[in-house]
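Some notes on the structure that comes next.
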Amino acid sequence: MAQPEGSSIQDRSSRYTIAIAMVAGLGGLMFGYDIGVIADAKIGVAKAFSLSTGEIAMVVSAVTAGSFLGALIAGRLCDAIGRRWTNVWGGICFIVGCLGCAFSVDLTSIVVFRVVMGIGVGFSSVGGPLYIAEVSTPWSRGAMVSLYQLAITVGIFIAFLVGLLLDPDTQWRISFGLGALLGGSLIAGMLVMPPSPRWLVGRGRDEVALGVLQRTLGSDQEAARELKAIKDRVREESGERFWSALKGSLAVRLALILAIGLALLQQASGINAIFYYAPEILQDVGLGDQKLKLTAALGLINVLATFIAIWLVDRVGRRPLLLGGTALMMVSQIVIGVTGSMLETNEASGVSAGGIVILVSIFIAIIAFAFSLGPLVWLVISEIFPAGVRSACVGVATSFNWLGNYAIAAGTPWAIEQSPSLAFWIFAICNAVTIVFIYFRMPETKGVPLEDIEAFFDRRKTLGDDSPASA
Ligand code: BGC
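Okay, so the sequence shown: first residue is 15 according to the numbering used here, each after it adds one.
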């Protein structure tokens with residue numbers, strides 16, 4: 015679809031669409047808060063319940079187990095009750111989980127409520143990007159879905175700030191409790207938002223869908239055209255079920271391989287080894303005195319660098335940003351690996367030049383992630399599937415992201431104990447794999463209407479080994 019010449023985000027997409035993306039983004043705040051809050055709060059939790067390293071890893075990773083489950087259920091829920099209500103239920107679970115953690119009395123109760131928090135985040139991580147992608151215009155969809163990632167980063171940063179302001183030893187319960195406010199805002203915001211037009215058409219509510227499209231596209235003519243395109247696709251796909259679509263369509267299989275691959279590789283980049291365990295890593299390289307302030311600074315740079323993606327994604331496209339960012343992240347991890355091995359043999363005490371090199375490289379790795387794998391994986395997953403099976407496929411792919419997140423949360427303390435530099439070498443190798451995977455398997459979807467994206471994968475079917483780069 016042609017992009018209007020020389021227009022800014024504001025004129026390309028109505029304020030209404032931006033408002034919708036921001037409300038759905040409140041789910042991203044929850045997502046981020048739950049990742050960030052544990053970095054500092056686990057210090058107090060470990061003391062309160064006298065936890066071993068393995069038990070701390072269990073508290074950290076419990077949320078990802080819940081999110082895995084939540085994402086799997088959400089794929090179905092998004093079809094049954096709609097994207098909007100899936101988000102509302104996400105908010106409800108998150109509130110219950112946060113308050114439960116705040117009042118937990120032992121290891122079991124905090125693990126159980128971390129799982130409940132996770133289910134809420136799992137709902138939102140499927141329902142949020144899907145909802146935003148379906149209400150956005152083709153020419154602003156990249157920036158709009160990236161707002162969800164921006165919200166994740168803001169959520170992580172807020173949690174780090176809370177960790178800095180409250181004493182993690184004694185006030186960790188308050189840190190958890192404050193998360194309930196985010197769940198409450200998501201529920202309140204979602205209740206006044208319209209349902210996704212694509213979901214409405216699937217339910218036969220074309221009139222309401224037309225009304226939503228008129229408001230998001232800002233033109234009656236465009237809205238009528240878009241409604242027709244959606245109806246044509248929905249009719250073609252009516253009755254299509256996840257398993258039959260998977261068996262019957264090469265396009266769906268290829269899209270699912272791409273989505274699952276991206277979801278897993280986003281986690282294999284090692285970003286959450288940094289966010290979950292930043293204080294420990296900083297301590298290891300001799301920066302223990304400043305660890306909480308530096309952790310908050312890492313959170314801030316993550317927020318700021320996400321704007322690079324919002325600004326560029328609909329201009330330069332998905333592939334250049336993903337390939338460039340992943341390569342930069344890999345190089346900074348190799349620098350950390352090399353410097354880390356030297357520090358280990360020199361037994362660092364206090365801040366050394368090596369410690370500073372590692373710190374700067376961690377900042378660069380976060381910037382690189384924030385303008386590439388962070389936002390773009392959510393974006394690509396939400397836009398490459400045909401409408402009939404979109405939510406089920408997004409749910410499956412997202413649950414793999416949480417599986418990867420779980421492995422990182424549970425495995426990183428072990429890897430750090432062996433050798434922090436080894437962990438970064440492994441992440442660098444994974445990023446090299448990601449570059450090859452994206453290069454060969456991912457088509458460029460910049461500016462293409464959702465209804466037409468499936469054709470890229472179909473084209474591979476008819477043209478054989480047609481390069482995805484040229485798709
Ligand atoms: C990832 C999270 C990560 C966050 C960091 C998200 O895209 O899915 O796992 O913690 O980015 O900003």
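Ideal Cβ positions, reconstructed from N, Cα and C, are used throughout, including at glycine.
* Asked: Since Thr-448 is in the alpha helix (DSSP H), which residue starts that stretch and which ends it?
  -> The residue given as residue 448 occupies position 434 in the sequence shown. Run containing Thr-448: 434–455, per the alpha helix (DSSP H) assignment.
* **CB-CB length for Ser-258 against Leu-387, believed under 8 angstroms** => Against the sequence shown, residue 258 aligns to sequence position 244. Against the sequence shown, residue 387 aligns to sequence position 373. Between Leu-387 and Ser-258 the Cβ distance is about 32 angstroms, and since that is not below 8 angstroms, they are no contact.
* Asked: Can you find a heavy atom of ligand 1 that lies under 7 angstroms from the Cβ of Asn-445?
  -> Translated into the one-based positions of the sequence shown, residue 445 becomes position 431. Outside the cutoff, so no.
* Flag this pair as touching only if the segment 265–274 and the segment 399–413 have three or more C-beta atom pairs under 8 angstroms; answer yes or no. => yes
* To do: Label Lys-261 either buried or exposed according to how many other C-beta atoms from any shown protein chain fall within 10 Å of its C-beta, with 16 as the threshold for buried.
  => Stepping through the sequence shown from its first residue, residue 261 is reached at position 247. Exposed: under 16 other Cβ atoms inside 10 Å.
* Consider the C-beta atom of Phe-289 and the heavy atoms of ligand 1; say whether any pair is separated by less than 7 angstroms. => Walking along the sequence shown from the start, residue 289 turns up at place 275. Checking every heavy atom of ligand 1 against the Cβ of Phe-289, one is found closer than 7 angstroms.
* Among the residues of its own chain, which have a CB less than 8 angstroms from the CB of Asp-528, if the five just before and after it don't count? -> With the chain running from 15 to 485 in the structure shown, residue 528 is simply not present.
* Asked: According to the Cβ coordinates, are Gly-169 and Tyr-291 closer than 8 angstroms?
  -> Position 155 of the sequence shown, counting from 1, holds the residue named residue 169. Position 277 of the sequence shown, counting from 1, holds the residue named residue 291. No, the Cβ-Cβ distance between Gly-169 and Tyr-291 is not below 8 angstroms.
* To do: Report yes or no: is there a C-beta of chain C within less than 8 angstroms of the C-beta of Gly-388?
  => Reference to chain C is not applicable here, since this structure consists of a single protein chain.
* Distance between beta carbons of Leu-196 and Leu-314, contact taken as under 8 angstroms -> Within the sequence shown, the letter at position 300 stands for residue 314. Within the sequence shown, the letter at position 182 stands for residue 196. Not confirmed; about 18 angstroms, so no contact.
* To do: Run the proximity test for Ile-52: is its beta-carbon closer than 7 angstroms to any non-hydrogen atom belonging to ligand 1?
  => Within the sequence shown, residue 52 is the residue found at index 38, counting from 1. Not under cutoff, so the answer is no.
* From Glu-465 to Arg-98, what distance separates their C-alpha atoms? -> In the sequence shown, residue 465 corresponds to position 451, counting from 1. In the sequence shown, residue 98 corresponds to position 84, counting from 1. Glu-465 and Arg-98: Cα-Cα distance of roughly 21 angstroms.
* Pair within 8 angstroms by beta-carbon distance, Cys-107 and Phe-82 -> What you label residue 107 is simply residue 93 of the sequence shown in a count that begins at 1. What you label residue 82 is simply residue 68 of the sequence shown in a count that begins at 1. No, Cβ-Cβ distance for Cys-107 and Phe-82 is not below 8 angstroms.
* Asked: Exposed or buried, Met-15, counting other C-beta atoms within 10 Å across all chains shown (16 or more means buried)?
  -> Indexing the sequence shown from 1 puts residue 15 at position 1. For Met-15, the predicted model reports a pLDDT of 45, less than 50, meaning its position is unreliable; a value from the coordinates is still stated below. So Met-15 ends up on the exposed side.
* Taking the alpha carbon of Gly-198 as the point to measure from, which residue in Gly-89, Leu-326, Gly-134 has its own alpha carbon closest? -> Locating residue 198 in the sequence shown gives position 184, where the first residue counts as 1. Comparing Cα-Cα distances from Gly-198 to each of Gly-89, Leu-326, Gly-134, the minimum goes to Gly-134.
* Asked: Since Leu-337 contacts Ile-449 with CB under 8 angstroms, what's their CB separation in whole angstroms?
  -> For the purposes of this step, residue 337 is taken as the residue at position 323 of the sequence shown. For the purposes of this step, residue 449 is taken as the residue at position 435 of the sequence shown. With 8 angstroms as the limit, Leu-337 and Ile-449 qualify as a contact, their Cβ atoms being about 6 angstroms apart.
* Asked: Buried or exposed: Trp-428, going by 16 or more other Cβ atoms within 10 Å of its Cβ?
  -> Here residue 428 refers to the residue found at position 414 of the sequence shown. Looking at its Cβ environment, which holds fewer than 16 other Cβ atoms inside 10 Å, Trp-428 is exposed.
* Assigned exposure category for Arg-255 - 16 Cβ within 10 Å defines buried -> Residue numbering aside, residue 255 sits at position 241 when the sequence shown is read from its first letter. Exposed, by the Cβ-count rule.
* For ligand 1, is there a heavy atom less than 7 angstroms away from the beta-carbon of Gly-104? -> Counting from 1 along the sequence shown, the entry for residue 104 is found at position 90. No, the Cβ of Gly-104 stays beyond 7 angstroms of every heavy atom of ligand 1.
* Near Val-77, which residues of its chain fall below 6 angstroms by C-beta distance, leaving aside the five closest residues on each side in sequence? -> As a first step, residue 77 must be located in the sequence shown, where it is residue number 63. Result list for Val-77: Asp-48, Arg-128, Met-131, Gly-132, in chain order.
* Asked: Where Val-352 and Ile-378 are concerned, what is the direct C-alpha to C-alpha distance, given to the nearest angstrom?
  -> Here residue 352 refers to the residue found at position 338 when the sequence shown is read from its first residue. Here residue 378 refers to the residue found at position 364 when the sequence shown is read from its first residue. If you take the alpha carbons of Val-352 and Ile-378, they lie about 16 angstroms apart.
* Asked: Under the criterion of a Cβ to heavy atom distance below 7 angstroms, does Gly-203 qualify as lining ligand 1?
  -> Residue mapping note: residue 203 aligns to position 189 of the sequence shown, counting from 1. Gly-203: no, Cβ never under 7 angstroms from ligand 1.
* Three-state secondary structure (DSSP) of Ala-33 -> Residue mapping note: residue 33 aligns to position 19 of the sequence shown, counting from 1. Three-state DSSP puts Ala-33 in a helix.
* Can you list, in chain order, the residues of its chain whose CB lies under 7 angstroms from that of Leu-180, leaving out five sequence neighbours each side? -> Within the sequence shown, the letter at position 166 stands for residue 180. Excluding sequence neighbours, Leu-180 sits near Ile-188, Ser-189.
* Boundaries (first-last residue) of the alpha helix (DSSP H) holding Met-131 -> Residue 131 sits at position 117 when you count from the first residue of the sequence shown. From DSSP, the alpha helix (DSSP H) with Met-131 extends over 121–149.
* In the segment 162–238, which residue ranges form an unbroken beta strand (DSSP E) of at least 3 residues, counting only runs that do not cross its ends? -> none
* Whole-angstrom distance between Pro-434 and Leu-318, CA atom to CA atom -> Position 304 of the sequence shown, counting from 1, holds the residue named residue 318. Position 420 of the sequence shown, counting from 1, holds the residue named residue 434. Looking at the two C-alpha atoms, the distance is approximately 27 angstroms.
* Buried or exposed: which applies to Gly-68, given that a residue is buried once 16 or more other Cβ atoms fall within 10 Å of its Cβ? -> Counting from 1 along the sequence shown, the entry for residue 68 is found at position 54. It counts as exposed.
* Are the beta-carbon atoms of Val-266 and Arg-332 separated by less than 8 angstroms? -> Taking the sequence shown and counting its residues from 1, one reaches residue 266 at position 252. Taking the sequence shown and counting its residues from 1, one reaches residue 332 at position 318. Cβ atoms of Val-266 and Arg-332: not closer than 8 angstroms.
* Option in Gly-114, Gln-280, Asp-93, Val-126 with minimal Cα separation from Leu-214 -> Taking the sequence shown and counting its residues from 1, one reaches residue 214 at position 200. Closest by alpha carbon: Asp-93.
* To do: Answer with buried or exposed for Asp-120, where buried requires no fewer than 16 other C-beta atoms within 10 angstroms of its C-beta.
  => Sequence index remark: in the sequence shown, residue 120 carries index 106 (1-based). Exposed, by the Cβ-count rule.
* Around the C-beta of Lys-61, are 16 or more other C-beta atoms found within 10 angstroms, so that it is buried, or is it exposed? -> Along the sequence shown, one-based indexing puts residue 61 at 47. Counting Cβ neighbours within 10 Å, Lys-61 comes out exposed, since fewer than 16 surround it.
* Asked: If we ignore side chains and look at the alpha-carbon of each, how far apart do Val-567 and Met-204 end up?
  -> Look at the range of the chain in this structure, 15 to 485, and you will see that residue 567 is not part of it.
* Specify, as a first and last residue, the run of the alpha helix (DSSP H) that Gly-68 falls within. => For this step, residue 68 is matched to residue 54 along the sequence shown. Where Gly-68 is concerned, the enclosing alpha helix (DSSP H) stretches over 67–94.
* Asked: In three-state DSSP terms, what is Lys-460?
  -> Taking the sequence shown and counting its residues from 1, one reaches residue 460 at position 446. Lys-460 falls in the coil class under three-state DSSP.
* Looking at C-alpha atoms only, which residue of Ala-202, Trp-153, Ile-95 is the closest neighbour of Arg-329? -> The residue given as residue 329 occupies position 315 in the sequence shown. The shortest Cα separation from Arg-329 among Ala-202, Trp-153, Ile-95 belongs to Trp-153.
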